[in-house]
Every structure is written in structure tokens, then in C-alpha cells.
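Residue numbers (our numbering): 2 to 467. Where a beta carbon is used, it is the ideal one built from N, C-alpha and C, also for glycine. Because the structure is a prediction, the values reported are computed rather than measured. This report refers to the structure that appears directly beneath it.
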Ligand SMILES: *Cc1c(COP(=O)(O)O)cnc(C)c1O
């Protein structure tokens with residue numbers, strides 16, 4: 002399988018190349034040249050496969066001949082063997098129509114582990130082949146950072162520099178990053194927002210002073226391999242609820258549009274998805290874009306769901322490219338306009354294309370608390386604030402009652418225990434697998450949200466390319 006950039010100005014790469022490159026050199030994002038498609042009979046035959054087997058089958062067409070089927074299976078078994086639940090991503094029923102897809106049984110308690118545990122293994126595999134090293138630079142609103150650090154800490158040939166917005170991540174989120182003391186891990190707290198951090202990271206990929214000296218790699222969902230790994234759990238949930246014979250709807254707590262884009266990919270591959278419900282908090286650029294075509298940023302408001310406090314959703318570009326006829330030059334012009342004015346209008350093709358599969362909803366703080374309370378009272382489940390926003394969207398969406406609606410439970414409630422306790426009076430305990438997080442030493446540097454300060458720091462601490 003070949004990968005092309007959404008902005009049409011970078012060479013096509015194979016899966017290995019796209020995984021190591023992260024962002025394309027023209028500022029675009031990589032996508033497979035075409036969507037692989039499974040027939041109904043092929044999907045039906047996936048029923049009952051263990052998660053790691055299903056993952057290997059679904060990803061093989063994307064990986065092409067960069068990994069043999071046997072090697073890919075070894076890697077999926079290694080990655081998912083670290084999850085605390087045998088089903089990896091178990092489903093739980095809330096009521097007649099509503100289900101939770103629990104994606105938080107990995108080492109750092111959020112869905113980011115599902116993709117990053119595997120991505121860490123892909124990096125190791127591909128870097129060993131080329132005797133290269135990789136300087137990973139990432140921005141995190143909380144969960145990507147800990148999951149990426151867990152996946153690469155102590156691995157040879159990799160340095161990781163993780164930027165998080167100072168004071169805007171939860172204590173558990175911060176400690177899961179800063180208490181990892183492996184010498185290849187560098188935590189940087191910047192003054193500013195997640196969007197500021199993400200913009201600086203993207204800038205580095207196009208900065209010859211950095212790309213000339215380092216092989217810069219990405220762990221954010223701008224990296225295609227992450228989205229590919231997330232496609233799998235849409236199939237896993239769909240199969241359990243009757244796919245391919247019955248459609249399923251999904252409600253997805255959304256920030257950078259990565260998780261829900263993986264659902265879009267599952268639909269392109271043949272999974273019958275009735276609707277993808279994009280759930281946002283008050284940082285609602287995506288809700289506005291999907292309802293009125295107006296994709297314009299506002300200022301970021303901090304909320305109890307910090308992983309969704311985002312006003313520039315990188316992966317939305319992938320959807321706009323696919324819906325707009327895959328015209329790289331046109332999309333590059335549209336994105337250049339957005340980067341100057343911080344606003345753009347979707348074209349008719351983009352709006353109408355999105356409306357066939359996506360709907361959206363916005364939840365404020367009260368909606369979120371009420372949804373946490375509903376899950377607790379209705380079925381004794383404690384859900385985290387991100388999941389609650391998804392649940393609010395699921396319950397207010399207009400979906401035929403015969404169709405199951407699956408809300409993606411993106412984080413463990415203990416990761417955001419204060420908000421959960423406020424809504425239910427119950428304080429969810431941290432699972433034993435995270436150990437003595439609050440006793441451990443922290444290591445982190447604070448830097449101004451200033452491009453030169455960040456690149457100077459990385460230049461002084463990263464191993465040069467080889
Ligand atoms: C990252 C994250 C999200 C948002 O996912 P995107 O792929 O960025 O849309 C939602 N909830 C939690 C808990 C997260 O960590």
C-alpha cells in the first residue's frame with residue numbers, strides 16, 4: 002500500500018516510510034492511496050477472533066509487505082498482551098440501546114494505549130532495519146503523552162520530547178508522564194495551550210534546521226499508524242453487536258478528530274456504520290463545522306475534559322481531502338487560507354459528504370455532569386468526563402431504537418476522579434497496575450511557549466541523526 006499526502010506535494014511512501022515520517026514534508030497528512038475493502042462474507046468470518054488476531058487481519062492490507070503476516074501477528078500479540086482485560090476493548094451494556102466500548106485497559110488508562118503500544122513496536126522494528134534513530138516530538142493534551150512515553154521509554158534508537166500545556170493536564174496525567182525517568186524521555190511543560198504546542202510540533206517537521214539535523218518522528222494522531230490501529234476496535238464492537246448483518250452507530254468524544262476518523266475508515270472498509278456522532282465540549286469547532294460548514298477557531302476554554310480542549314483538529318484535514326475528491330492542490334490552498342485567517346468554509350462537497358455519515362453534538366459542563374450521573378444511576382458505571390460527553394451526544398442523537406449506539410469510553414474514570422466524584426459522590430480508585438504513581442519522583446522542564454526555546458532545548462538534548 003502506498004501513502005500520499007493530503008496536500009499533494011510530498012513523495013508517496015510505503016507503510017514503513019509513512020510511519021517513520023509522521024507528518025508529510027509539505028505539511029500534509031498521509032493517507033493510503035485507496036481504501037482496502039472487505040466483503041460482507043469476509044467481515045462475517047472475522048466474528049469470534051481474539052482481538053490481536055482481528056487486529057492483524059484488519060491492518061495487513063495497510064501494512065502491505067512492510068511486515069509479513071506472521072511478524073504483524075507477533076507484534077499485535079505483544080502489544081495487546083499488555084492490556085488488563087482479556088477482550089482488550091470490552092463492550093458493556095448500559096440500557097436497551099446504549100453500550101460503552103471500554104478502551105482504557107492499557108497501561109496508561111486511556112484509549113491512546115491501543116495505538117501507541119503497537120506504534121512503539123513498529124518504531125523499534127523499522128529503526129532496527131535501517132540502523133536509524135528517531136527523535137520523536139509530540140504535543141499532548143494529557144493522554145497521548147503518557148501513552149507514548151510508556152510505549153517508547155528505554156527503547157534503543159529513540160528519544161522522545163513531549164510538550165504539554167503547563168497546568169492544564171490532570172495530576173494523574175502529568176505524573177504518568179513526568180515520573181518516567183528513562184534517559185530517553187524528556188517532558189516539557191510549555192506556557193500556552195495544546196494548540197500552541199501542536200502548532201510548534203508541526204512547524205518542526207517543515208523546519209530544515211531541525212529536519213536536517215534530526216529524523217523527526219510523530220506520535221500524535223497525525224501519524225497514520227495510530228489511526229490504522231484504532232480502526233480495529235470499531236470492527237471488534239460492530240462484530241459483537243451483529244455486523245455485518247446489522248448496522249451500529251458510534252458516539253466519539255472528539256478532540257483532534259483522530260479517533261472518529263478511524264471510524265470513518267472502518268466504514269470505508271465495509272463495516273456497516275449507521276452514524277458517527279462527533280461529541281465535543283464547549284471547544285466546539287467541529288460541531289460548528291459539521292452543522293454550519295464554518296471551521297473557525299475560537300480561544301480554548303479549559304474544561305474537565307482536557308483531552309478535548311482543542312480548537313484545531315488536525316485529522317479533519319484527512320476527511321476534507323477524502324470528501325473533496327482527493328485534490329491535494331485544492332486542499333493545500335484551503336489549508337493555507339485557514340492557517341492565515343484561522344477560519345475557513347467547507348465546500349459543498351465536503352459538507353454534504355460529511356452529512357451522510359457524521360452528526361455532532363456539544364456538551365457543556367452541566368450536560369457532562371448529568372451524563373456521568375445517568376450512567377451511575379442507570380447501570381452502576383462510573384464514566385470519565387470525556388466518555389460522559391460522548392454519552393450525552395449518544396443519548397441526544399436521533400438514532401432508530403433498533404440500532405445499537407456504542408459510546409467510546411476513552412479514559413478510565415480514575416484518571417479524572419475529581420469530576421467523577423463531584424457528579425456521583427463516588428471516587429473511582431486507581432487500578433493497581435499504575436502502582437505508586439503519587440509517591441514517585443517527577444522530572445520535567447518548564448519552557449516558554451516559544452518556538453526557539455523549544456528547538457534549542459531539543460537540539461541540546463537529542464542524539465543527532467544517523
Ligand atoms: C485524546 C482523547 C480524546 C480525543 O481523541 P481525538 O482522537 O483527539 O479526537 C478524547 N478522550 C480522551 C480521554 C483522550 O485522551
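Check	Outcome
Candidates 75, 433, 307, 207: closest to residue 107 by CA position	433
Residue 410 and residue 391 closer than 9 Å at C-beta	yes
Start-end ranges of the beta strand (DSSP E) lying completely within the stretch 67-141, minimum 3 residues	92-94, 99-103, 135-140
Start-to-end residues for the alpha helix (DSSP H) that takes in residue 262	259-269
C-beta atoms of residue 2 and residue 82 nearer than 9 Å	no
Touch test, the stretch 359-375 against the stretch 289-299, Cβ-Cβ under 8 Å, three pairs minimum	yes
Nearest-angstrom Cα separation, counted from residue 332 out to residue 438	44 Å
Within 9 Å, strictly: CB atoms of residue 407 and residue 252	yes
Nearest candidate by alpha-carbon position, reference residue 193, set 467, 436, 303, 4	303
Whole-Å CB distance - residue 124 paired with residue 159, under 8 Å assumed	6 Å
Cα-Cα separation, residue 464 to residue 116	26 Å
7 Å Cβ shell around residue 239 - same chain, five flanking residues per side excluded	249, 272
Beta-carbon contacts of residue 79 that lie in its chain and below 7 Å, excluding the five residues immediately before and after	122
Spatial distance of residue 1 from residue 73 (CA atoms)	Residue 1 cannot be examined here, being either before or after the span of the chain that is shown, 2 to 467.
heavy atom of ligand 2 below 8 Å from residue 261 C-beta	This structure simply doesn't include ligand 2; it includes ligand 1 instead.
Beta-carbon contacts of residue 199 that lie in its chain and below 6 Å, excluding the five residues immediately before and after	140
Closest by C-alpha distance to residue 447, when choosing among 163, 29, 100, 348	163
Beta-carbon spacing of residue 118, residue 151 below 9 Å	yes
CB of residue 393 within 9 Å of CB of residue 372, strictly	yes
Residue 5 to residue 226 span [Cα, whole Å]	14 Å
Through-space distance from residue 229 to residue 84, alpha-carbon basis	18 Å
Burial state of residue 55 (16 or more Cβ within 10 Å)	buried
Opposing strand residues paired with residue 166 [DSSP bridges]	191
Runs of beta strand (DSSP E) lying entirely within the stretch 26-51, each at least 3 residues, in chain order	31-33
Minimum C-alpha distance to residue 223 - residue among 444, 429, 26	26
Residues near residue 220 in its chain [Cβ-Cβ closer than 7 Å; skip 5 each side]	117, 120, 137, 139, 145, 149
Inter-residue Cα distance where the pair is residue 398 and residue 48	28 Å
Closer than 8 Å: residue 311 CB and nearest ligand 1 heavy atom	yes
Whole-number beta carbon distance between residue 135 and residue 415, since they are thought to touch under 8 Å	With 8 Å as the limit, residue 415 and residue 135 do not qualify as a contact, their Cβ atoms being about 32 Å apart.
Outcome for residue 45 when other beta-carbon atoms lying within 10 angstroms are tallied against a minimum of 16	exposed
Three-state class that DSSP yields for residue 419 in the structure shown	helix
Buried versus exposed call for residue 180 [16 or more other C-beta atoms within 10 Å across all chains shown]	buried
Contacts around residue 87, its chain only, beta-carbon distance under 6 Å, and the 5 residues preceding and following it disregarded	none
Test: residue 369 CB closer than 9 Å to a CB of chain B	The chain inventory of the structure shown lacks chain B, comprising one protein chain alone.
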